[in-house]
Amino acid sequence: MIKVQGLYKSFGELDVLKGIDYEVKEKEVICVIGPSGSGKSTFLRCINLLEDITAGDVFIDGVKVNDPKTDINEIRKDVGMVFQQFNLFPHMKVLDNITISPRKIRKMNPGEAEKLAHQLLKKVGLGDKANSYPEQLSGGQMQRVAIARALAMQPKVMLFDEPTSALDPEMVKEVLDVMKQLAVEGMTMVVVTHEMGFAREMGDRVLFMDQGIIVEEGTPAQVFNEPKNERTKAFLSKVL
Amino acid sequence: MDFLDFRLDMIWNYRELFIRGIGITLALTAVGYLGGFVLGLFVGMGKLSKKKWIYYPSKYYVDFFRGTPLLVQILLIHLALIPGIFGHSLGYFVSGALALVLNSAAYNAEIIRAGIQSIEKGQMEAARSLGMTQNVAMKNIILPQAFRRMVPPLGNELIALLKDSSLVTVIAANDLLYAGKVVAGASFRFWEPYLTVAILYLCLTFVFGKIISYVENRFSNSYVPTQRKKMFSSRR
Ligand SMILES: Nc1ncnc2c1ncn2[C@@H]1O[C@H](COP(=O)(O)OP(=O)(O)OP(=O)(O)O)[C@@H](O)[C@H]1O
Ligand SMILES: [Mg+2]
Numbered sequence: 001m002i003k004v005q006g007l008y009k010s011f012g013e014l015d016v017l018k019g020i021d022y023e024v025k026e027k028e029v030i031c032v033i034g035p036s037g038s039g040k041s042t043f044l045r046c047i048n049l050l051e052d053i054t055a056g057d058v059f060i061d062g063v064k065v066n067d068p069k070t071d072i073n074e075i076r077k078d079v080g081m082v083f084q085q086f087n088l089f090p091h092m093k094v095l096d097n098i099t100i101s102p103r104k105i106r107k108m109n110p111g112e113a114e115k116l117a118h119q120l121l122k123k124v125g126l127g128d129k130a131n132s133y134p135e136q137l138s139g140g141q142m143q144r145v146a147i148a149r150a151l152a153m154q155p156k157v158m159l160f161d162e163p164t165s166a167l168d169p170e171m172v173k174e175v176l177d178v179m180k181q182l183a184v185e186g187m188t189m190v191v192v193t194h195e196m197g198f199a200r201e202m203g204d205r206v207l208f209m210d211q212g213i214i215v216e217e218g219t220p221a222q223v224f225n226e227p228k229n230e231r232t233k234a235f236l237s238k239v240l
Numbered sequence: 241m242d243f244l245d246f247r248l249d250m251i252w253n254y255r256e257l258f259i260r261g262i263g264i265t266l267a268l269t270a271v272g273y274l275g276g277f278v279l280g281l282f283v284g285m286g287k288l289s290k291k292k293w294i295y296y297p298s299k300y301y302v303d304f305f306r307g308t309p310l311l312v313q314i315l316l317i318h319l320a321l322i323p324g325i326f327g328h329s330l331g332y333f334v335s336g337a338l339a340l341v342l343n344s345a346a347y348n349a350e351i352i353r354a355g356i357q358s359i360e361k362g363q364m365e366a367a368r369s370l371g372m373t374q375n376v377a378m379k380n381i382i383l384p385q386a387f388r389r390m391v392p393p394l395g396n397e398l399i400a401l402l403k404d405s406s407l408v409t410v411i412a413a414n415d416l417l418y419a420g421k422v423v424a425g426a427s428f429r430f431w432e433p434y435l436t437v438a439i440l441y442l443c444l445t446f447v448f449g450k451i452i453s454y455v456e457n458r459f460s461n462s463y464v465p466t467q468r469k470k471m472f473s474s475r476r
């Protein structure tokens, strides 16, 4: 589904990703953990080309994302992304936040798009918030709308960049529950997270990144219970 | 002193001249502002472009029109540019309006650029991650938010333009200031016509100021319609 080969990324002098090779299979839930500044967000953002790639290749469904001939907008239709800061559109109602892309990009007719939006809102537990504006919602509600908005494009993959890190503790669960439900339904997901409980429970694979490389990779049981690398051990001893 | 026998009747006799002057001043301001806004939108976005052949012309345009006096621009356009292209003058209104459009576009471009840049990077990223093209995202996500932040400086720009439009008097445009000049020339009195002109400009800027603060109120607070401050609501 997603294939990353020899991915390098630098910001000017700063080398952030130093050779990442990885393959995400369909319906897998991949959790990415690691210390701050290790390049987790950058890795995720290179997948849908929010950052341009310095060297290496990314393929999604066999299509080379960083090929100049590839229309990146076509790729992004199929790759949903959820951000730490939600990034809802504050000038639009919740309903319009969700329907704008299906209408403008998928050319869905408005009635159909609204029906889809209402279904998705119900799914994330916000059936009554269609006509609210983002500023009227709590953080947890905003993030659930952001998930619904991404799902409205009917993506094949969802990328999550620390979706619960900006939330008050009591709102983390409502967002994680929505993500769990998605995972159970078979969505392919790459989740950067500090929620070790989620990674352990829902992850098919866990990646530990440090200083721009994947230091360790395995099932949650392998990575959390029998870490092999010293850096993994040191990180886990701090966060667990 | 002349001031002591202020002759209001004289102004009254020339009222049609002043009223027409107000009309011309308002028309020049309106054309200059609307044209300057549309052109400024393109130039402002041009200054944000990564493409050099769009960025540099936009930048030089702004630098030229902000770096030279409007009076010089008016004369250049009226006496050199338009006759150079058409072989003859197209009248003061075309020259004056064109100068005001080109000039205010440069100032508006900077306001618009700053407004667009003030929108959090995450908004564009979220839009693009949903598959929107740069243009669709700019039109539907960035500009609607940026316009709200541009309202106060664009309002100042309108008032400034209204006053600056008086410079077209130099090419004998029949604007409000020119009316004063004509009356002064005919009567050899200066207090009455120029003070009248000043007061009329003051009235115009006052009315414009009121309109602007209404628009600012309407746009500067909540996105939620029911939570917006009402300007004329009765107090609880
Ligand atoms: N646009 C940018 N320009 C310059 N440097 C950047 C940019 N984005 C990220 N970096 C740098 O790249 C490094 C990796 O950043 P990244 O955001 O990928 O880390 P992260 O693992 O997601 O960290 P965190 O857990 O804090 O989110 C950091 O040193 C960061 O300062
Ligand atoms: Mg990050």
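Protein chains in written order, with the numbering used here: chain A, 1 to 240; chain B, 241 to 476. Cβ atoms here follow ideal geometry from the backbone N, Cα and C, with glycine treated the same way.
- Each residue's CA atom was taken as its position, placing Lys228 of chain A and Val175 of chain A some 31 Å apart.
- Residue contact check for Tyr8 of chain A against chain B: no CB pair falls below 8 Å.
- Flagged as an interface residue toward chain A: Thr373 of chain B, by a C-beta distance shorter than 8 Å.
- The Cβ atoms of Val206 of chain A and Cys31 of chain A sit closer than 8 Å to each other.
- Considered as a whole, the segment 23-66 of chain A harbours 29-33 and 55-60 as its complete beta strand (DSSP E) runs of no fewer than 3 residues, in chain order.
- Phe83 of chain A belongs to the set of residues whose beta carbon lies under 8 Å from a beta carbon in chain B.
- Assigned with DSSP and collapsed to three states, Gly6 of chain A falls in strand.
- Distances from the CB of Val455 of chain B to the heavy atoms of ligand 2 are all 7 Å or more.
- Of all residues in the segment 64-98 of chain A, only Asn73, Arg76, Lys77, Met81, Phe83, Gln85, Asn87, Phe89, Pro90 and His91 come within less than 7 Å of chain B when Cβ atoms are compared, listed by chain position.
- Residue contact check for Asn380 of chain B against chain A: a CB pair falls below 8 Å.
- Using a CB distance below 7 Å, the part of the segment 338-366 of chain B facing chain A consists of Gly362, Gln363, Glu365 and Ala366, ordered along the chain.
- Between Glu185 of chain A and chain B, the shortest Cβ-Cβ separation is not below 8 Å.
- Asp21 of chain A carries a strand assignment under DSSP once its states are collapsed to helix, strand and coil.
- Secondary structure note for Phe304 of chain B: it is in no beta strand (DSSP E), and the uninterrupted alpha helix (DSSP H) holding it is Lys292 to Gly307.
- For the set A:Arg106, A:His91 and A:Glu114, the Cα lying nearest the Cα of Ile98 of chain A is the one of A:Glu114.
- If you draw a straight line from the Cα of Met158 of chain A to the Cα of Thr188 of chain A, it comes to about 6 Å.
- If you look at Phe208 of chain A, you'll find it in the beta strand (DSSP E) that goes Arg205 to Asp210.
- DSSP, read as helix, strand or coil, puts Val16 of chain A in strand.
- In this structure Ser344 of chain B is in contact with Leu401 of chain B, their Cβ atoms being roughly 5 Å apart against a cut-off of 8 Å.
- Residues whose Cβ lies closer than 5 Å to any heavy atom of ligand 1, listed in chain order: A:Phe11, A:Val16, A:Ser36, A:Gly37, A:Ser38, A:Gly39, A:Lys40, A:Ser41 and A:Thr42.
- Listed along chain B are Glu365, Arg368 and Ser369, each with a C-beta nearer than 9 Å to that of Leu50 of chain A.
- Just so you know, the alpha carbons of Met171 of chain A and Gly280 of chain B end up roughly 44 Å apart.
- By a beta-carbon distance limit of 8 Å, Gly212 of chain A does not contact Pro155 of chain A. Their separation comes to about 27 Å.
- Between the segment 259-273 of chain B and the segment 360-368 of chain B, the count of C-beta pairs closer than 8 Å stays below three; the two stretches do not touch.
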